[in-house]
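The working numbering applies: residue 3 is where the sequence shown begins, and numbers increase by one. Don't be surprised by glycine CBs; every beta carbon is placed ideally from N, CA and C. Since we're looking at a predicted model, the values are computed, not measured.
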Amino acid sequence: MRTPLAARLAGQGTTIFAEMSALALSTGSINLGQGFPDVDGPASIVEDAVNAMRAGRNQYAPGWGVPELRRAVADHQRRFYGLDFDPDSEVLVTTGATEAIAASLLALVDPGDEVVVLEPYYDSYVACIAMAGGQRVPITLRAPDFRLDLDRLRTAVTPRTKLMLINSPHNPTGTVLNDEELSAIAQLAVERDLIVVTDEVYEHITFDGLSHRPLATYDGMRERTLTISSGGKTFSLTGWKVGWAVGPADLVRATMTAKQFLTYTSAAPLQPAIAAALTMADDYFRDFAASLQAKRDRLAAGLEPLGFKVFKPQGTYFLTTDIRPLGYDDGIDFCLGLPERTGVVAIPHSVFYDDKEAGKPLVRWAFCKQDAVIDAAIERLATLVR
Ligand SMILES: Cc1ncc(COP(=O)(O)O)c(C=O)c1O
């Protein structure tokens with residue numbers, strides 16, 4: 003029989019996260035691979051969802067999302083970034099940011115269109131560009147500083163470029179794009195009349211006094227930017243998959259055109275709970291980022307003495323290391339052997355690159371875990387150098 007998988011999905015087998023999480027389970031390892039917190043977000047949010055279920059909000063929600071969540075998302079964009087969006091025509095609720103990414107790419111990219119995308123990439127970008135029939139054009143963020151190469155950015159855009167897909171704070175490098183980088187992207191987008199899709203799921207996870215600034219706040223960008231985020235990371239409820247896309251009505255309507263045939267509508271009782279969560283006081287957002295910064299520092303302080311070269315992230319849940327000082331040079335081999343040898347799971351960077359060499363010696367560790375879990379992982383990893 004011929005291979006059943008369509009050619010455009012060739013090479014998009016099981017995600018590395020599923021593979022490594024299965025390995026974590028079968029070896030009883032501590033999973034610092036997949037980025038999910040091991041403590042749920044605020045109990046009041048969970049209570050709100052339970053109450054919504056008990057109150058009978060269990061049938062299909064409106065396709066665009068329940069009105070209170072669309073309002074809350076618009077209020078959130080105004081409160082944190084000074085951006086005004088109409089909740090009725092410029093906000094779309096999706097099943098996680100993942101669906102917003104898929105729906106927007108399927109809606110906006112035609113076969114043959116080029117999509118400029120930061121590499122290393124979050125894995126769904128590659129698959130969704132492929133499903134849309136687009137061509138990805140990577141811009142590599144390279145160690146040690148993982149900054150955006152502005153010359154490469156300019157040469158990456160061609161007459162066939164339809165959109166730029168940007169992620170900041172960036173998974174897996176932890177880069178938070180700075181004003182110079184964001185301005186360059188904005189200037190180019192305006193000059194070449196490009197659409198920009200930005201994945202901002204880590205918008206509230208930035209460290210050392212840095213803050214996230216959405217691309218939509220730059221001159222000429224509000225009308226060409228679709229901003230994607232979700233409640234999963236911000237409220238430590240990654241399993242809920244309540245996300246959204248915000249932007250000018252034409253981009254949001256186009257995204258809805260695809261979304262309606264993917265899921266039609268997203269989890270009804272979870273939406274009012276995330277709406278309430280978005281109105282939480284500033285303290286919540288501040289304390290949340292501070293607690294993750296402390297975890298970043300805890301993991302870094304544990305890995306450095308073992309010989310790892312640590313690249314401290316400016317944001318996100320993830321810390322990257324170079325494994326070469328320990329005598330290894332291939333992250334894939336290192337990560338495949340790690341659970342058996344030490345009982346810890348991590349993710350090799352190279353799976354996120356077309357330029358495999360750029361990511362080969364790099365390994366990603368998730369630190370959104372309880373302190374005791376981070377400490378136990380360090381303890382186990384110490385056997386590497388004993
Ligand atoms: C960059 C990035 N985008 C999107 C997602 C997925 O978000 P959601 O769980 O809301 O679908 C993740 C999750 O790890 C991510 O790291």
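Open item on the list: Using a strict less-than 6 Å threshold between each residue's beta carbon and the heavy atoms of ligand 1, what residues do you get?
Closed with: 37, 98, 99, 100, 124, 169, 173, 201, 203, 232, 234, 240, 243, 245
- [ ] Determine the contact status of residue 320 and residue 176, defining contact as a CB-CB distance below 7 Å.
- [x] The residue you call residue 320 lines up with position 318 of the sequence shown. The residue you call residue 176 lines up with position 174 of the sequence shown. Against a cut-off of 7 Å, the Cβ pair of residue 176 and residue 320 comes out as a contact.
Task: Rounded straight-line distance, which links the Cα of residue 345 to that of residue 197 - done: Looking up residue 197 in the sequence shown gives position 195. Looking up residue 345 in the sequence shown gives position 343. Cα to Cα, the separation comes out at about 44 Å.
Task: residue 242 - DSSP class collapsed to helix/strand/coil - done: If you number the sequence shown from 1, residue 242 lands on position 240. It is helical.
TODO: Per DSSP, which residues does residue 354 bridge with? Please list them.
DONE: Counting from 1 along the sequence shown, the entry for residue 354 is found at position 352. Answer by DSSP bridge pairing: none, since residue 354 is not bridged.
Task: 8 Å CB neighbourhood of residue 237 in its chain, flanking five on each side removed - done: As a working mapping, residue 237 is identified with position 235 in the sequence shown. 43, 44, 47, 276, 279, listed in sequence order.
TODO: Kindly indicate which three-state DSSP category residue 377 falls into: helix, strand or coil?
DONE: By one-based count along the sequence shown, residue 377 stands at place 375. Helix at residue 377.
- [ ] Sort 162, 31, 64 by Cα distance to residue 266 and report the nearest one.
- [x] Here residue 266 corresponds to residue number 264 of the sequence shown, with the count starting at 1. Among 162, 31, 64, the Cα nearest to that of residue 266 is on 64.
TODO: Inspect the CB distances between the stretch 288–306 and the stretch 326–333 and report whether three or more fall short of 8 Å.
DONE: no
TODO: Verify the CB distance criterion: does residue 126 have a CB-CB separation below 7 Å to chain B?
DONE: In summary, chain B is missing from the structure at hand, where a single protein chain is found.
Task: 7 Å Cβ shell around residue 70 - same chain, five flanking residues per side excluded - done: In the sequence shown, counting from the first residue as 1, residue 70 sits at position 68. The answer, listed in chain order, is 274, 277.
- [ ] Kindly list the residues whose CB is nearer than 7 Å to the CB of residue 264, restricted to its own chain and excluding five residues on each side of it in sequence; keep chain order.
- [x] Looking up residue 264 in the sequence shown gives position 262. Closer than 7 Å at Cβ, skipping near neighbours: 101, 104, 105.
Open item on the list: Based on DSSP bridge pairs, tell me the residues matched to residue 140.
Closed with: Walking along the sequence shown from the start, residue 140 turns up at place 138. Answer by DSSP bridge pairing, in chain order: 119.
Open item on the list: Among the candidates 207, 158, 227, 216, whose CA atom is the shortest distance from the CA of residue 180?
Closed with: For the purposes of this step, residue 180 is taken as the residue at position 178 of the sequence shown. Considering only alpha carbons, the answer is 216.
Open item on the list: Looking at the strands, I want to know which residues DSSP matches up with residue 317.
Closed with: Translated into the one-based positions of the sequence shown, residue 317 becomes position 315. In the DSSP assignment, residue 317 forms a beta bridge with 208.
Task: 6 Å CB neighbourhood of residue 142 in its chain, flanking five on each side removed - done: Here residue 142 refers to the residue found at position 140 of the sequence shown. Same-chain partners within the cutoff: 121, 357, 360.
Task: Beta-carbon contacts of residue 397 that lie in its chain and below 8 Å, excluding the five residues immediately before and after - done: The chain is shown from 3 up to 388; residue 397 falls before or after that span and cannot be answered.
Task: the stretch 17–26 contacting the stretch 216–227, beta-carbon criterion three pairs below 8 Å - done: no
Open item on the list: Do residue 316 and residue 178 count as a contact pair if the criterion is CB distance below 7 Å?
Closed with: As a working note, residue 178 is residue 176 in the sequence shown. As a working note, residue 316 is residue 314 in the sequence shown. Yes; because the gap between Cβ atoms is below 7 Å, this pair is in contact.
TODO: Have a look at residue 172 and residue 149 and give me their C-alpha separation to the nearest angstrom.
DONE: Numbered from 1 along the sequence shown, position 170 holds the residue referred to as residue 172. Numbered from 1 along the sequence shown, position 147 holds the residue referred to as residue 149. Looking at the two C-alpha atoms, the distance is approximately 11 Å.
Task: Buried/exposed call for residue 323, threshold 16 Cβ in 10 Å - done: Indexing the sequence shown from 1 puts residue 323 at position 321. Per the 10 Å Cβ criterion, buried.
Open item on the list: At the level of alpha carbons, what is the spacing between residue 351 and residue 151?
Closed with: As a first step, residue 351 must be located in the sequence shown, where it is residue number 349. As a first step, residue 151 must be located in the sequence shown, where it is residue number 149. Going by the C-alpha atoms only, they are around 19 Å apart.
TODO: Tell me whether residue 311 sits in a helix, a strand or coil according to DSSP, three-state version.
DONE: As a position in the sequence shown, residue 311 is number 309, starting the count at 1. Residue 311: strand per DSSP, three-state reduction.
Open item on the list: What would DSSP say about residue 85, mapped onto helix, strand or coil?
Closed with: Reading the sequence shown from its first residue, position 83 is the one you call residue 85. In the structure shown, residue 85 adopts coil according to DSSP, grouped into three states.
- [ ] Note down, one range per segment and in chain order, each alpha helix (DSSP H) of at least 4 residues found wholly within the stretch 18–90.
- [x] 18–29, 45–56, 69–83
TODO: Go to residue 157, then tell me how far its alpha helix (DSSP H) extends in each direction, as first and last residue.
DONE: Locating residue 157 in the sequence shown gives position 155, counting from the first residue. 152–158 is the extent of the alpha helix (DSSP H) around residue 157.
Open item on the list: So the candidates are 131, 119, 81, 108; which of them puts its Cα closest to the Cα of residue 11?
Closed with: Residue mapping note: residue 11 aligns to position 9 of the sequence shown, counting from 1. Residue 11 has its Cα closest to that of 131, out of 131, 119, 81, 108.
Task: Distance between beta carbons of residue 271 and residue 59, contact taken as under 8 Å - done: Residue 59 sits at position 57 when you count from the first residue of the sequence shown. Residue 271 sits at position 269 when you count from the first residue of the sequence shown. Going by Cβ atoms, the distance from residue 59 to residue 271 rounds to 5 Å, so yes, they are a contact pair.
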